[in-house]
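Quick notes on the structure that follows.
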Amino acid sequence: YIVGIKGPATCGTPATGGIPATDGGRIVWPQLVQRISLGDIFKDTPELYDYNNYKYPALCRNRAINLRQAVGRVSAKALQEGADPASYSVVADLGGQKVQISYDICHCLTSKRVAENTFFSLQHRRFLTLREYGTLQGVNVDRMKINVSRTHIGAMLGNGFTSIVVARVIAAAIQARER
436 YIVGIKGPAT CGTPATGGIP ATDGGRIVWP QLVQRISLGD IFKDTPELYD
486 YNNYKYPALC RNRAINLRQA VGRVSAKALQ EGADPASYSV VADLGGQKVQ
536 ISYDICHCLT SKRVAENTFF SLQHRRFLTL REYGTLQGVN VDRMKINVSR
586 THIGAMLGNG FTSIVVARVI AAAIQARER
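All letters in the sequence shown, in the order written, are residues 436 to 614 by the working numbering.
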């Protein structure tokens, strides 16, 4: 989603081709926040160091095919760039008909994808945990008392907005309104 806030241009960077408002304000974007590196999220898991002997976990047919394609694409990219494939932080969405690969970021978390746990870290040879999904959404899952199933909490995390973004949007809206 793209979020803009109607307010004076001093609240943030004016949108390209900003739309003048009747009160002289423009549509402005909230200031950027530094994104979380995947390396920070996976800091407690040992990393893979050899893609040549990648040990594939037992998965259903579609996910296994997608994982093999993801490993092949990462290996091909590393060969083309003269890099070690294990140096990339890669999350693959194995749930669809086609595999989606992200380098040092994670694709959009949706309710269905998180509930079905389709995001897989190639470097760590495992699916993301609820704690990692929460961290990507800016939520400290360790401080929550979870009284619903893993599928339901996954759907809630995937269905939500990143709390950092929501906080910044609300703060910018309050500042714009006060001016």
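We put the CB at the ideal spot given by N, CA and C, even for glycine.
Tell me which residues share the same chain as Thr451 and place their Cβ nearer than 7 Å to its Cβ, disregarding the 5 neighbours each side in the sequence.
Mapped onto the sequence shown, residue 451 falls at position 16. The predicted position of Thr451 is uncertain, since its pLDDT is 42 and thus under 50; a value taken from the coordinates is nonetheless stated next. Nothing listed; no residue qualifies.
Starting from Asp475 and walking both ways along the alpha helix (DSSP H), at which residues does that stretch end?
Residue 475 sits at position 40 when you count from the first residue of the sequence shown. Counting along the chain, the unbroken alpha helix (DSSP H) around Asp475 starts and ends at 473-476.
From this set, Gly530, Leu502, Tyr484, Ala602, which residue's C-alpha is nearest Tyr491's C-alpha?
Walking along the sequence shown from the start, residue 491 turns up at place 56. Cα-wise, what sits closest to Tyr491 is Leu502.
Name the two residues that bound the continuous beta strand (DSSP E) containing Gln535.
On the sequence shown, residue 535 is found 100 positions in, with the first residue counted as 1. Unbroken beta strand (DSSP E) run through Gln535: 535-538.
Can you tell which of Gly593, His559, Arg560, Val583 has the C-alpha that lies nearest to the C-alpha of Val574?
Mapped onto the sequence shown, residue 574 falls at position 139. Nearest of Gly593, His559, Arg560, Val583 to Val574, Cα basis: Gly593.
Classify Val583: buried if its beta carbon has 16 or more other beta carbons within 10 angstroms, exposed otherwise.
As a first step, residue 583 must be located in the sequence shown, where it is residue number 148. Flag for Val583 reads exposed.
Contact set for Pro520: own chain, Cβ-Cβ below 7 Å, skip 5 residues either direction
Taking the sequence shown and counting its residues from 1, the one referred to as residue 520 is at position 85. Apart from sequence neighbours up to five positions away, the residues of its chain that approach Pro520 with a beta-carbon distance below 7 Å are Tyr486, Val509, Ser510, Ala513, ordered along the chain.
Figure out for me which residue from Arg612, Leu557, Gln610, Ala499 has the closest Cα to the Cα of Gly474.
One-based indexing of the sequence shown puts residue 474 at position 39. Looking at the Cα atoms, Leu557 is the closest of the given residues.
Would you report the Cα separation of Glu551 and Ile605, rounded to the nearest angstrom?
Residue 551 sits at position 116 when you count from the first residue of the sequence shown. Residue 605 sits at position 170 when you count from the first residue of the sequence shown. Each residue's Cα considered, the two are about 31 Å apart.
Please state whether the Cβ-Cβ distance between Ala505 and Val534 is less than 7 Å.
Here residue 505 corresponds to residue number 70 of the sequence shown, with the count starting at 1. Here residue 534 corresponds to residue number 99 of the sequence shown, with the count starting at 1. Result yes, Cβ atoms of Ala505 and Val534 sit closer than 7 Å.
With Leu529 and Tyr568 assumed to form a contact (beta carbons below 8 Å), what rounded beta-carbon distance in angstroms separates them?
Numbered from its first residue, the sequence shown carries residue 529 at position 94. Numbered from its first residue, the sequence shown carries residue 568 at position 133. The pair is not a contact, with the Cβ atoms about 15 Å apart (cut-off 8 Å).
What would DSSP say about Ile462, mapped onto helix, strand or coil?
Counting from one through the sequence shown, the residue named residue 462 turns up at place 27. The predicted model places Ile462 with a pLDDT of 49, which falls under 50 and marks its position as unreliable; any figure quoted below should be read in that light. If DSSP states are grouped into helix, strand and coil, Ile462 belongs with the strands.
Taking the Cβ atom as the reference point for each residue, do Ala590 and Ser546 lie within a distance shorter than 7 Å?
Your numbering for residue 590 matches position 155 in the sequence shown. Your numbering for residue 546 matches position 111 in the sequence shown. Yes; because the gap between Cβ atoms is below 7 Å, this pair is in contact.
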